[in-house]
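Please read the structure below before turning to the comments.
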Amino acid sequence: MAPAPAIVWFRQDLRLADQPALAAALDDGPVLPVFVLDDAAPGRWAMGGASRWWLHHSLASLDADLRARGSRLILLRGDAVTLIADLAAATSARSVHAMYHYEPWARRQESELARRLALTLHHGLTLAPPARMTTKTGGAFKVFTPFWQALQQMMPPLPPRPAPDRIPLAEGAPAGDTLGDWGLCPTAPDWAHGFAPVWQPGEAGARQRLADFADLAAGYGEARDRCAEEATSRLSAHLHFGELSPATAWHAIAEAAGPAGQAWLRQLGWRDFSLNLLLNAPDLADVNWRRTFDAFPWVRDDAALTRWQHGQTGYPIVDAGLRQLWRTGWMHNRVRMIAASFLIKDLMIDWRAGETWFWDTLVDADLANNAAGWQWTAGSGADASPYFRIFNPVSQGRRFDPAGAYVRQWVPELAGLPDDLIHAPWEAPPALLAAAGVRLGETYPAPMVDHARARDRALAAYKAMGERG
Ligand SMILES: Cc1cc2nc3c(=O)[nH]c(=O)nc-3n(C[C@H](O)[C@H](O)[C@H](O)COP(=O)(O)OP(=O)(O)OC[C@H]3O[C@@H](n4cnc5c(N)ncnc54)[C@H](O)[C@@H]3O)c2cc1C
704 MAPAPAIVWF RQDLRLADQP ALAAALDDGP VLPVFVLDDA APGRWAMGGA
754 SRWWLHHSLA SLDADLRARG SRLILLRGDA VTLIADLAAA TSARSVHAMY
804 HYEPWARRQE SELARRLALT LHHGLTLAPP ARMTTKTGGA FKVFTPFWQA
854 LQQMMPPLPP RPAPDRIPLA EGAPAGDTLG DWGLCPTAPD WAHGFAPVWQ
904 PGEAGARQRL ADFADLAAGY GEARDRCAEE ATSRLSAHLH FGELSPATAW
954 HAIAEAAGPA GQAWLRQLGW RDFSLNLLLN APDLADVNWR RTFDAFPWVR
1004 DDAALTRWQH GQTGYPIVDA GLRQLWRTGW MHNRVRMIAA SFLIKDLMID
1054 WRAGETWFWD TLVDADLANN AAGWQWTAGS GADASPYFRI FNPVSQGRRF
1104 DPAGAYVRQW VPELAGLPDD LIHAPWEAPP ALLAAAGVRL GETYPAPMVD
1154 HARARDRALA AYKAMGERG
């Protein structure tokens, strides 16, 4: 009689190396590697368009890696709890292994499945298990610095384990769905055509990106805010889909950059911090963490939101960021903050509208990091930038894109302007605008708001909220 198989339920941990659920299943016997596309469970947070593009390629890569080791990925679509339980029953599986995830729907699925069969959950999504990240009094961390100090006490993480050489496929494995039938990639129009030249989803792509970044990591602390440069790792989507374990990233950068790698490791610590916040506030993506913000008088202006989404605000650094996002599925962190501040403060549009747009357009869209990033910018978050810190898009542009290279790349209609004026084309004399082929309001929009006035309006609204709250 064939030995009873063990199921590995892959979720956002699409890798073979340093994959504790896979390692544990292999100890149990032949393995059934499964991924379930369950669009109903997350409700409003079902995967967005750009993430689905990434997922398609990541699953293809995982399947190829499994096949190279004698196995394959079984794809199922529908209610994950029912499908995994049915598969276990049909194959007489002796165990199901998965990794802990922290989205509220993922935790719901884990507890429902655990009621139906022998589910073993493994840590590995974060640098340290969130259950161990408590303050001295046993509470949840609300501020990053003490969290980071506590996290560092637990570092380095365990050395990562290599991928198994062979992964025997259990007998009776169902054929499952065909990836192409899931329609995860756009067809007409193919708005993702700019993604493939930039990204290589999957474990091999993640490792290559990590190796490339290791050479630059020592300079990260100094260069990370210069948005025209490739000075950050661009590992966020690989980390979100779990193609790379955070422990692997930690060891690689600590080894390559030594003490100079600290600035980057600290940033990786923010990822753990956001996941801890989400675990302790499961509605973080939907509700102001500081409830006083429930009284904030957000403006509902769909036309303004559309201009922001399309990179047509008339503020070059904001527009460059939103166009980079649309074309590549990613935006530089500094520009995420500037663009988010512009939406929330200059336009006074609810941060959740921006969060939703990012969710659909980012390849690294991540419930915890996205919610934490938006709430940080809004001032409504746990360890947030105060609301009255309002980014000036012109001075931010001049400071972090001094030669205008970022704007020239993404807003080419302004490329002919000199460096000092490219972040404020309305300050350019008419002759200079004409020489650069710029007609404000025609070839490029005039600013949709006056920043100084918009700032005053936002501060007055914030003050009124404080007086009411
Ligand atoms: C409004 C807003 C929305 C954001 N939405 C997301 C999102 O949906 N998904 C996402 O992964 N990040 C998000 N971030 C955080 C950050 O912008 C990205 O993680 C980073 O730009 C990714 O590029 P990188 O991989 O080159 O980062 P690096 O600078 O190389 O950082 C290394 C890794 O650390 C983590 N990290 C870096 N900064 C942060 C941070 N501030 N918070 C949490 N983790 C961080 C990421 O996993 C990142 O890959 C958001 C930030 C803001 C301001």
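Counting with the working numbering, you get residues 704 to 1172 for the letters of the sequence shown.
In this text, a Cβ means the ideal position worked out from N, Cα and C, and glycines have one as well.
| Item | Value |
| --- | --- |
| So I777 is in the beta strand (DSSP E); what residue range does that whole segment cover? | I777 to R780 |
| With a CB to CB cut of under 6 Å and the five nearest residues on each side skipped, what residues in its chain are close to D1122? | A1106 and G1107 |
| Let me check understanding here. Comparing Cα to Cα, which of R937, N1072 and W1077 lies closest to S1088? | W1077 |
| Is any non-hydrogen atom of ligand 1 found closer than 6 Å to the C-beta of T935, if you look at the structure I gave you? | yes |
| When you measure from the CB of Q970 to every non-hydrogen atom of ligand 1, does any distance come out below 6 Å? | yes |
| Thinking C-beta only, is W712 closer than 7 Å to V799? | yes |
| Three or more beta-carbon pairs under 8 Å between the segment 859-873 and the segment 1002-1013, yes or no? | no |
| Would you say the segment 906-914 touches the segment 1010-1020, given that touching needs at least three Cβ pairs under 8 Å? | no |
| Runs of 4 residues minimum, wholly inside the segment 804-842: which ones carry the alpha helix (DSSP H) assignment? | 807-819 |
| Quick check: does the Cβ of W973 come within less than 6 Å of any heavy atom belonging to ligand 1? | yes |
| So for H896, helix, strand or coil by DSSP? | coil |
| Compute the Euclidean distance between the alpha carbons of V1114 and A878, then round it to the nearest angstrom. | 47 Å |
| According to DSSP, is P871 helix, strand or coil? | coil |
| Taking C-beta to C-beta, are P1000 and H1126 nearer than 7 Å? | no |
| Quick check: does the Cβ of S764 come within less than 6 Å of any heavy atom belonging to ligand 1? | no |
| Using CA coordinates, which residue listed in L729, H1035 and A821 is at the minimum distance from A792? | A821 |
| Within the same chain, show all residues whose beta-carbon is closer than 7 Å to that of Y1165, passing over the 5 residues directly before and after it, in chain order. | Y1090 and F1091 |
| Roughly how many angstroms lie between the CA atoms of G781 and W1129, to the nearest whole one? | 53 Å |
| Check each candidate in L1065, M1034 and I956 and name the one with the smallest Cα separation from V1110. | M1034 |
| Quick one: Cα of V901 to Cα of L740, how far? | 25 Å |
| May I ask you to check if the CB of A1043 is nearer than 6 Å to at least one heavy atom of ligand 1? | yes |
| Tell me whether N991, by its Cβ, gets closer than 6 Å to a heavy atom of ligand 3. | Absence of ligand 3 from the depicted structure is noted, with ligand 1 being the only ligands included. |
| For L987, which option in L758, A726, E806 and M858 has the closest C-alpha, if you only look at C-alpha atoms? | E806 |
| According to DSSP, is A709 helix, strand or coil? | strand |
| According to the Cβ coordinates, are A920 and A952 closer than 7 Å? | no |
| Using a 10 Å radius around the Cβ and a threshold of 16 neighbouring Cβ atoms, would you call E946 buried or exposed? | buried |
| Suppose only complete runs of 4+ residues qualify. What are the alpha helix (DSSP H) ranges in the segment 956-1032, listed by chain order? | 965-983, 1005-1012 and 1019-1031 |
| Give me the DSSP bridge partner(s) of L735. | I710 |
| Using 8 Å as the cut-off, can you tell me whether the segment 823-832 makes contact with the segment 751-769, which would need three or more C-beta pairs spanning the two stretches below that distance? | no |
| How many angstroms separate the CA atom of A756 from the CA atom of A895? | Checking the displayed sequence, the identity of residue 756 turns out to be Trp instead of Ala. The straight-line gap from Cα to Cα measures roughly 8 Å. |
| Can you find at least 3 beta carbon pairs, one from the segment 1065-1076 and one from the segment 966-979, that sit closer than 8 Å? | yes |
| Keeping to the same chain, check which residues put their C-beta closer than 8 Å to that of S774; ignore five residues upstream and five downstream. | V734, P736, I870, P871 and L872 |
| Considering only their Cβ atoms, is the gap separating D1159 from G1217 smaller than 7 Å? | Summary: the structure shown does not reach residue 1217, with the chain confined to residues 704 through 1172, and so no result is reported for it. |
| Helix, strand or coil: which one does DSSP assign to H1126? | coil |
| Is it the case that the CB of L980 approaches a heavy atom of ligand 1 more closely than 6 Å? | no |
| Would DSSP call M1051 helix, strand or coil? | coil |
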